[in-house]
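Numbering (our numbering), first residue to last: 32 to 313.
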């Protein structure tokens, strides 16, 4: 029986998280000989479904699904007591899929529901081998990235999540160091953020000396507006990108045309294989 993998969307995750889950599901299907069934984005603006060409990756299956499994039921017991996204490694998922395949001999198609957290151990381990292929699914690519610096500051939506809301002094020191060491002074700087109050960005804006700096603030209801879509396309087509602590800007870096990508490393940084992806950790 052939397995069909489907990533379930996180009701608390927006475009970046949902896309990373989809990409991880595709790569997991790739290495296990399974089919991949991408889901349309949920809980967020329908316009996000026009950013990624999932059809170019889809392994079409026309036969009806005869069985349904949840991969959590086949994971080791200890993983049920922890946050799956932070503890399960690639081998654990592969072993679970092998158990499901062994339980379902014969012909037909079995749908395997995958959990929210596939980033750790799946995407980070596999994407370096498939990055060139994955870049082709991003619809709004320009042939050449614009000569500009995009800085993603995760604020607003992370205001109550201390792990995601990075210290302002830390951000300022790291970002200014990157601008001084790696980026030509003539390039304009664009700050893309969920912050809606420009005065709250003075901790960075006032330290950029004579550089050109522009603010791109998200406004309105994220269920209907296009600012997220605009911000993603803007970051993905910038020559230089400084990541925020967010899957949103990381996905733009992985799929886009950026020449140089920088990550602000702190004690909570747990993304592996960044150097293999060409991301500079500072």
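Where a beta carbon is used, it is the ideal one built from N, C-alpha and C, also for glycine.
- Taking a cut-off of 8 Å for Cβ pairs, the stretch 168-181 and the stretch 270-290 touch, as three or more such pairs fall below it.
- Taking residue 46 as reference, the option from 309, 292, 281, 291 with the minimal CA-CA separation is 281.
- Annotation for residue 50: 282 place their beta carbon closer than 6 Å to its own, counting only its chain and skipping 5 residues before and after.
- Taking the Cβ atoms as the reference, residue 205 lies roughly 43 Å from residue 35, outside the contact range of under 8 Å.
- Here the alpha carbon of residue 286 sits roughly 8 Å from the alpha carbon of residue 162.
- Under the DSSP assignment, residue 144 falls in the beta strand (DSSP E) whose first and last residues are 140-145.
- Between residue 82 and residue 145, the C-beta gap is not smaller than 9 Å, which leaves the two residues out of contact.
- For residue 125, the enclosing alpha helix (DSSP H) stretches over residues 121-134.
- When C-alpha distances from residue 96 are compared across 199, 33, 277, the shortest belongs to 33.
- Cβ neighbours of residue 249 within its own chain (closer than 6 Å, five residues either side excluded): 225, 258.
- Residue pairing for residue 206: DSSP places it in no beta bridge.
- In the structure shown, the three-state DSSP call for residue 60 is helix.
- When beta bridges are read from the DSSP output, residue 33 appears opposite 140.
- Listed in chain order, the non-local C-beta contacts of residue 311 below 6 Å within the same chain comprise 293, local neighbours out to five positions each way being set aside.
- For a cut-off of 8 Å, the C-beta gap from residue 153 to residue 121 is around 5 Å, short enough to register as a contact.
- A straight line joining the alpha-carbon of residue 295 with that of residue 228 spans about 23 Å.
- By the Cβ neighbour-count rule, residue 108 is exposed, with fewer than 16 other Cβ atoms within 10 Å of its own.
- Counting other Cβ atoms within 10 Å of its Cβ, residue 100 reaches 16 or more and is therefore classed as buried.
- The beta carbons of residue 167 and residue 84 sit closer together than 9 Å.
- The C-alpha of residue 203 is placed about 7 Å away from the C-alpha of residue 234.
- Spatial neighbours of residue 70 in its own chain (CB-CB distance under 8 Å, excluding positions within 5 residues in sequence) are listed in chain order as 37, 38, 39, 40, 53.
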